[in-house]
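What follows is a single structure, written as structure tokens, with notes after it.
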């Protein structure tokens, strides 16, 4: 394996390949920063361009994009609370409050360190796991997919809301909305009310841009001021304290990386779920979970480690079975096939050098993107000093154009705006937005898993506890719920009784 | 003395009542418009959400949840209730911008939306609003139309 890695490293470090890697990193950063674009769009645009390229160059550029997207997406998540990509949405929760406190540079420093460390962890895991990849992926059948989806929704609902019930209600509404469109299990369409646009369901990226980016910008335009609450407190040179904080919280990095790699490897679940689960797990494990959401650096480190680690995890099912772990990987699969590489167990035997080259490109691009991020952090953090009355309309305009660019559908623009207003109202009336998004993503996986499990088990619910993996997942779901429900009910009733006592 | 508190609790129930109406319409329309196999999971999700919402409403009404309007679940900050008029104006500006994009396309409505939002909603000088609107629109055009080769939507009136 070492020979192959050295061979791949020699190929990657040649000047020609490095140029493509660098170009990929720049494209990835730009596409990551602009809300609505992201890795899938960048790779989709790259796909036809790679046709005439050497495979090594194409992989270097694709690896560059995939590695840098996370960094770019997190920069806009921190500075504008508008996640450039879906998985960066979790970084908003603590990253944006830090920017508001004038510590955007700290937050970007943490991202620039946690991202490559997570990526490195994911790559090392991938190298170790490749020989047994098939066995791991096969542990997940329809019941496990259903349970992973439920677990994802429950953990995010619990972690993102002060009020658990409202978190679960928001998750429920997200699930209900995820059923709009074509029913992939039984056929037929649901809740489209005659609209062709809704046949494919409620698209994710316009929803994310609306709920997070536009909602926040509407609020900023109403309240005025700057993103950073007090311009005088903005520290533009705090990047190294962010780097140091990340190294100090190495356990959070490892936890996030493990979660990112594992969840990333489960097809259909995707990076957004991985980053939110990494966030909520870190929050729960902390001694002061209530302080999360106010600008805790661990709240950035955990999802960022998971964000880059998930790419390596998602490569597993993509390469081993041709089952893409995410939309980004689905496009990457197209690049593989365009270059005559058929995914499957044989790919590791036939194209070992190229696969290792790709893995190294992913690692190097994450490091390169972090270096660029740290270099330009002063200029990036200065965005938080721009007046909200000027910044908000510009970000809304760019977001709307970015959303349109995904499918060239004007309906996406309208949807993003409608969901933006909904997001603002949720913010205003204290309904958490995160569970809604996560349920919107996982709804289809949950339904397909549930229906297929029912078919396999002839309607018997014991199918959901038929394997060790599913039993572990069921236990985790119940533990998560009881951990949060019991203290909440106790507190509510105590407050209620205290209110009645004169 | 307790009357204002009760009124506040009733007002804080309004969003829940809107959501309640949405969920009930979802369940009813699903029940009558979809066949049995396709409606099973959506109705299950709807009913569970309805139960959770009713529990939350009961907690808000009879528990200690009536003063949550100023709390923020995500981000840890505090949302100070702004004047309804300013909120409505900001939302109307976004709606107007999107309606403009739909009717006359990005290249006409984006500069107009930016200028109007910055100058009127943002109370900035006309000069600043004009410069920002033109520079931002030019950058959007150069990035999307020229560099990325997208054809930006020309609007239903011009397409």
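Protein chains in written order, with this note's numbering: chain A, 1 to 502; chain B, 1001 to 1159. Every residue, glycine too, gets a C-beta built ideally from N, C-alpha and C. Only a predicted model underlies this, so the values are computations on that prediction, with no experimental measurement involved.
Against chain B, the beta carbon of residue 182(A) has no neighbour under 9 Å; the closest one sits roughly 10 Å away. Contact between the region 175 to 195 of chain A and the region 59 to 69 of chain A is absent, with fewer than three C-beta pairs closer than 8 Å.
Distances from the alpha-carbon of residue 110(A) to those of 315(A), 127(A), 329(A) and 244(A) put 244(A) closest. Apart from sequence neighbours up to five positions away, the residues of its chain that approach residue 1154(B) with a beta-carbon distance below 6 Å are 1105, ordered along the chain.
Under the criterion of beta carbons closer than 8 Å, residue 185(A) and residue 352(A) do not qualify as touching, at roughly 38 Å. The beta carbon of residue 451(A) sits closer than 8 Å to some beta carbon of chain B. Pairing residue 1123(B) with residue 1130(B), the inter-Cα distance amounts to about 13 Å. Classified as buried, residue 308(A) has 16 or more neighbouring CB atoms from the shown chains inside 10 Å of its CB. Close partners of residue 111(A) in chain B (Cβ separation under 7 Å) are lacking, with about 17 Å as the shortest Cβ gap. Straight-line spacing of the CA atoms in residue 1057(B) and residue 1016(B) works out to 7 Å. If you ignore the 5 residues before and after residue 101(A), its C-beta comes within less than 6 Å of the C-beta of 295, all in its own chain and listed in chain order. Contact of residue 1125(B) with chain A is not assigned, every C-beta pair being separated by 8 Å or more. DSSP places residue 194(A) in the coil class of the three-state scheme, outside both helix and strand. For the pair residue 68(A) and residue 274(A), the CB atoms are not nearer than the 8 Å cut-off. Under the 8 Å criterion on CB atoms, residue 77(A) is classed as non-interfacial with respect to chain B. Spatial neighbours of residue 201(A) in its own chain (CB-CB distance under 6 Å, excluding positions within 5 residues in sequence) are listed in chain order as 180 and 181. DSSP places residue 189(A) in the strand class (E or B) of the three-state scheme. Residue pairing by DSSP puts residue 181(A) in a beta bridge opposite 190(A). Contact of residue 410(A) with chain B is assigned, a C-beta pair being separated by under 8 Å. For residue 302(A), none of the residues of chain B pass the 7 Å Cβ criterion, the least Cβ distance being about 16 Å. Contact check for residue 174(A) and residue 419(A): beta-carbon distance about 11 Å, past the 8 Å limit, so the pair fails to qualify. When Cβ-Cβ separations below 8 Å define contact, residue 1154(B) makes no contact with chain A.
Contact annotation: residue 1144(B) and residue 1150(B) have beta-carbon atoms nearer than 8 Å. Residue contact check for residue 1025(B) against chain A: no CB pair falls below 8 Å.
Within the model, the alpha-carbon separation for residue 312(A) versus residue 271(A) is close to 11 Å.
Apart from the 5 residues on each side of it in sequence, residue 436(A) sits with its Cβ closer than 8 Å to the Cβ of 170, 171, 173, 174, 177, 211 and 426 in its chain, given in chain order. Cβ-Cβ separation between residue 24(A) and residue 65(A): approximately 5 Å, consistent with a contact (criterion under 8 Å).
Chain A places no beta carbon closer than 8 Å to that of residue 1021(B), leaving this residue out of the contacts.
Between the C-alpha atoms of residue 397(A) and residue 1109(B) there is a straight-line separation of about 10 Å. Residue pairing by DSSP places residue 251(A) in no beta bridge whatsoever. Annotation: the continuous alpha helix (DSSP H) that includes residue 1102(B) extends over 1084 to 1104. Contact between residue 1052(B) and residue 422(A) does not hold, since the beta-carbon distance rounds to 19 Å and is not under 8 Å.
Shown here is that no member of the region 462 to 489 of chain A has a Cβ falling below 7 Å from a Cβ of chain B. Under the criterion of beta carbons closer than 8 Å, residue 480(A) and residue 154(A) qualify as touching, at roughly 5 Å. Here residue 219(A) is not near residue 430(A), since their CB atoms are 8 Å or more apart. By the Cβ-count criterion, residue 337(A) is exposed, with fewer than 16 other Cβ atoms from all chains shown falling within 10 Å of its own Cβ.
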